[in-house]
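Student: Residue numbers (the working numbering): 68 to 275.
1. Tell me the DSSP secondary structure of residue 130 in three-state form.
2. Taking DSSP as the reference, what is the three-state secondary structure of residue 263?
3. So residue 114 is in the beta strand (DSSP E); what residue range does that whole segment cover?
4. In whole angstroms, give me the CA-to-CA distance for residue 191 and residue 112.
5. With distances taken from CA atoms, which of 258, 264 and 225 is nearest residue 72?
6. Okay, do the segment 119-127 and the segment 135-147 touch, 3+ Cβ pairs below 8 Å being the bar?
7. Quick one, which of 239, 211, 183 and 172 has its alpha-carbon nearest residue 195's?
8. Between the Cα of residue 232 and those of 150, 87, 162 and 184, spot the shortest distance and give me the residue it belongs to.
9. By alpha-carbon positions, which one of 90, 235, 245 and 144 ends up nearest to residue 106?
10. Let me know if residue 273 comes out buried or exposed under the rule of 16 or more other beta-carbons within 10 Å of its beta-carbon.
11. I'd like the list of long-range same chain contacts for residue 223, defined as Cβ closer than 6 Å, with 5 residues on each side in sequence excluded.
12. Go ahead and pull the three-state DSSP assignment for residue 72.
13. On the DSSP bridge assignment, give the partners of residue 82 in chain order.
14. Give, in chain order, every unbroken run of the alpha helix (DSSP H) that is at least 4 residues long and sits entirely within the segment 146-181.
15. Please go through the same chain and pick out, in chain order, the residues whose beta-carbon is closer than 8 Å to the beta-carbon of residue 165, but skip the five residues on each side of it.
16. Determine the DSSP secondary structure at residue 119, reduced to helix, strand or coil.
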């Protein structure tokens, strides 16, 4: 049986703290270990609409490193129910994530949907591929009409995922989402003004 997210995340040290805090009965029972080693429709929808996520790797020194990755919506591609892929765009040329992955291919992806107050955590192993050696995959993941230099490709092989509760997530909205909502409000205001004008004209005719 494949490992669940909690099988990976809960180490002996974590178990000790859970025991001290009295929560071990919640998280160390079979029913708490949800089998989540295949992406389904909910995960596919979440992944397809993200324009950013956080990617954590571990360095040779043992320190974790978290990087924000961004692009057009859907730049992180679901290839099948256990594989993700994306183009790695050129940035500040530090190459910390790429370097860390040479020492350890383990990573954790953290996807946030702030308007819906949802978060998806993914444990994966990562393959770093030269873009020029994989033209078919490059064509599949390269965003159209997006001005960025693609340096390499990342393949993420799912190990386990989990959804978090919405507690303490502050809803945030993109400029586009605010503009779309404002446009609806402006249209509604316009319609009400037109209706108000029409009613005033009717009242004026009645009073004549």
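Glycine is no exception: its CB is placed at the ideal position from the N, C-alpha and C atoms. Just so it is clear, the structure is predicted and the values come from calculations on it, not from any experiment.
Tutor: With the structure as the only source:
1. coil
2. helix
3. Where residue 114 is concerned, there is no enclosing beta strand (DSSP E), although the alpha helix (DSSP H) it sits in stretches over 108-115.
4. 19 Å
5. 225
6. yes
7. 172
8. 184
9. 144
10. exposed
11. 151, 191 and 193
12. helix
13. Residue 82 is not bridged to any residue.
14. 163-170
15. 155, 195 and 219
16. strand
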